[in-house]
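Here the sequence shown is numbered in this note's numbering, starting from 249 and rising by one per residue. Even glycine gets a Cβ: it sits at the ideal position worked out from N, Cα and C. If you're wondering where the values come from, they're calculated on a predicted model, not measured in any experiment.
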Amino acid sequence: MASLTAYFNRDARVIGLVCFPHGLSHFYYMVLPPMFAVLKTAFGLNNLEIGLFMTIFATAAAIGQTPVGFLVDKIGGRQVLICGLLLESIAIGSIGLAESYWQLLALGAIAGIGHTVYHPADFAIMTSLVSNKRMGRAFGIHSFTGYLGFAAAPLFMTAISELWNWQAAFMLAGVLGLIAASLLWLNSALLREMGADSGRPEKAEQDSQSESQVGQGIKLLFTAPMIACFLYYVLHQMGNGGLRTFLGVALWELYATPQVIAGMALTGLMAGTAGGILAGGFLADRTGPQIWVACMTLVPSALLIALVGAFEMPLIVLVLVITAAGFLMGLLLPSRDLLLRSVTPDGSMGKAMGFVSTGSNVGGAIIPVVLGWVMDNSNPRYIFWITAGMIAAALFTFITVKGVASQEFDRK
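This is how it looks when you write it as structure tokens:
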């Protein structure tokens with residue numbers, strides 16, 4: 249019993265240490281949108297110039313994730329996570345000290361570089377250190393804290409800005425990252441003792457086989473399971489993320505849905521997804537990544553979203569349907585992460601997660617243009633049908649990974 253308690257405490261501490269910075273990573277991604285109007289006034293900017301900041305941030309994050317994944321697999325996730333967190337938190341805090349637009353752009357690029365570390369480092373650490381029987385819940389909590397970060401940022405930034413000023417809001421946001429980095433540093437011995445170096449060769453072997461390992465890592469990323477996982481991330485972001493972005497305007501254009509109800513539907517989508525993620529962690533630990541779970545979540549969620557585009561519903565039914573669709577989408581996410589782990593060789597989780605996470609950036613770059621064109625030139629109901637199609641299509645990537653994995657890998 250004492251041994252079981254020790255393992256639980258160990259897992260809980262690792263999950264907490266990793267998930268707090270992950271929540272901050274999503275928090276940092278959302279600190280700027282609530283401050284758009286303030287920054288436009290303070291620096292005399294237009295919407296395009298504000299948008300360029302976000303583009304630079306997102307581009308730096310997308311380009312850097314896979315190389316950072318290779319670095320994580322080589323030296324360990326703990327050091328990389330601390331350095332990236334420090335870099336991003338200092339950059340975000342320094343926005344409060346910026347005096348020109350060009351300084352804002354430079355800080356956006358630096359913050360984006362720091363932002364690259366979270367998924368590769370987090371998943372490498374959890375895969376190495378958390379007990380297999382709790383891995384699904386660990387992945388679920390990890391994703392859930394990201395949604396908490398998204399939700400907390402607008403409240404934090406607007407509240408601090410009203411209480412003091414916008415500069416203080418950014419600087420205090422940066423301080424949160426310094427606190428998280430300090431917690432990681434103070435627990436470095438714990439992480440090292442629990443095997444932060446596990447899954448990686450000894451230094452002498454690294455030195456003698458470095459080029460070979462890089463080549464093997466690149467080859468891994470272009471295997472069928474990895475490409476299918478990458479496409480899942482693309483399709484999920486195009487479906488869930490696209491719906492999240494255009495839900496309100498599409499409902500208004502299609503059904504003249506009141507803004508308050510559209511806002512409730514959007515909140516329901518995000519809350520439902522977050523709740524599904526938590527429940528999905530328990531499901532994943534009990535069943536593992538199963539095709540039937542993917543079928544029972546992706547197909548119904550796609551149908552529910554398609555129905556919203558096909559029929560006008562009573563307002564309360566609309567909110568409930570969107571919430572249910574979000575819950576079903578979230579329910580699969582921990583199983584998705586377990587599926588990736590099941591097809592990733594030991595010591596390669598950093599590069600694998602860095603690569604497939606870039607799919608979210610790719611999907612996030614494509615879908616706003618597509619759906620924006622649809623809103624301007626076609627019927628708004630296609631917003632729901634296109635995003636539903638993306639969600640349903642993700643099922644085939646899940647099936648592909650499972651099918652190929654059963655032939656190529658025999659982990660665990």
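Of the other Cβ atoms in all chains shown, fewer than 16 fall within 10 Å of the Cβ of residue 281; this residue is therefore exposed. Fully enclosed beta strand (DSSP E) runs of no fewer than 3 residues are not present anywhere in the segment 532–565.
Per DSSP, reduced to three states, the secondary structure at residue 379 is coil, with no helix or strand assignment. Judged by DSSP in its simplified three-state form, residue 594 adopts coil rather than helix or strand.
Of the residues assessed, residue 294 falls on the exposed side of the cut-off, its CB having fewer than 16 other CB atoms within 10 angstroms. Taking every protein chain shown into account, the CB of residue 599 has 16 or more other CB atoms within 10 angstroms, so this residue is buried.
Rounded to whole angstroms, residue 547 and residue 635 show a C-alpha spacing of 12 Å.
For residue 645, the number of other beta carbons within 10 angstroms of its own is at least 16, and it is reported as buried. For the pair residue 544 and residue 289, the Cα-to-Cα distance works out to about 49 Å.
The shortest CA-to-CA distance from residue 312 to any of 632, 340, 609 and 618 is the one to 609. In the three-state reduction of the DSSP assignment, residue 280 falls in the coil class.
For residue 420, the enclosing alpha helix (DSSP H) begins and ends at 414–434. Judged by DSSP in its simplified three-state form, residue 501 adopts helix.
In this structure residue 596 is buried. Its beta-carbon is surrounded by 16 or more other beta-carbon atoms within 10 angstroms. By the Cβ-count criterion, residue 534 is exposed, with fewer than 16 other Cβ atoms from all chains shown falling within 10 Å of its own Cβ. For residue 578 against residue 486, the beta-carbon gap comes to about 16 Å, at or over 8 Å, which does not count as contact.
Sixteen is the threshold: since fewer than 16 other Cβ atoms of the shown chains lie within 10 Å of the Cβ of residue 530, the residue is exposed. In this structure, DSSP gives residue 626 a state outside helix and strand, which the three-state scheme calls coil. When secondary structure is reduced to three states using DSSP, residue 336 falls in the helix class.
Judged by DSSP in its simplified three-state form, residue 530 adopts helix. Its chain contains 597 and 601 as the residues whose beta carbon lies nearer than 6 Å to that of residue 371, once the 5 sequence neighbours on both sides are disregarded; these appear in chain order.
538 is the residue among 314, 575, 638 and 538 whose C-alpha sits nearest the C-alpha of residue 647. With a 10 Å radius around the Cβ and a threshold of 16 neighbouring Cβ atoms, residue 594 comes out exposed. Judged by DSSP secondary structure, residue 488 falls outside any alpha helix (DSSP H); it is assigned neither H nor E. Going by DSSP, residue 309 is part of the alpha helix (DSSP H) stretching over 295–323. Distance from residue 632 to residue 556 at the Cβ level is roughly 5 Å; contact confirmed, criterion being Cβ atoms closer than 8 Å. In this chain, residue 344 is not harboured by any alpha helix (DSSP H), its DSSP state being neither H nor E.
Around the beta-carbon of residue 287, 16 or more other beta-carbon atoms lie within 10 Å, marking it buried. Taken through DSSP and simplified to helix, strand or coil, residue 365 comes out as coil. Taking a 10 Å sphere around the C-beta of residue 418, we find 16 or more other C-beta atoms and assign the residue as buried. With contacts defined as CB atoms closer than 7 Å, residue 358 and residue 266 fail to qualify as a contacting pair.
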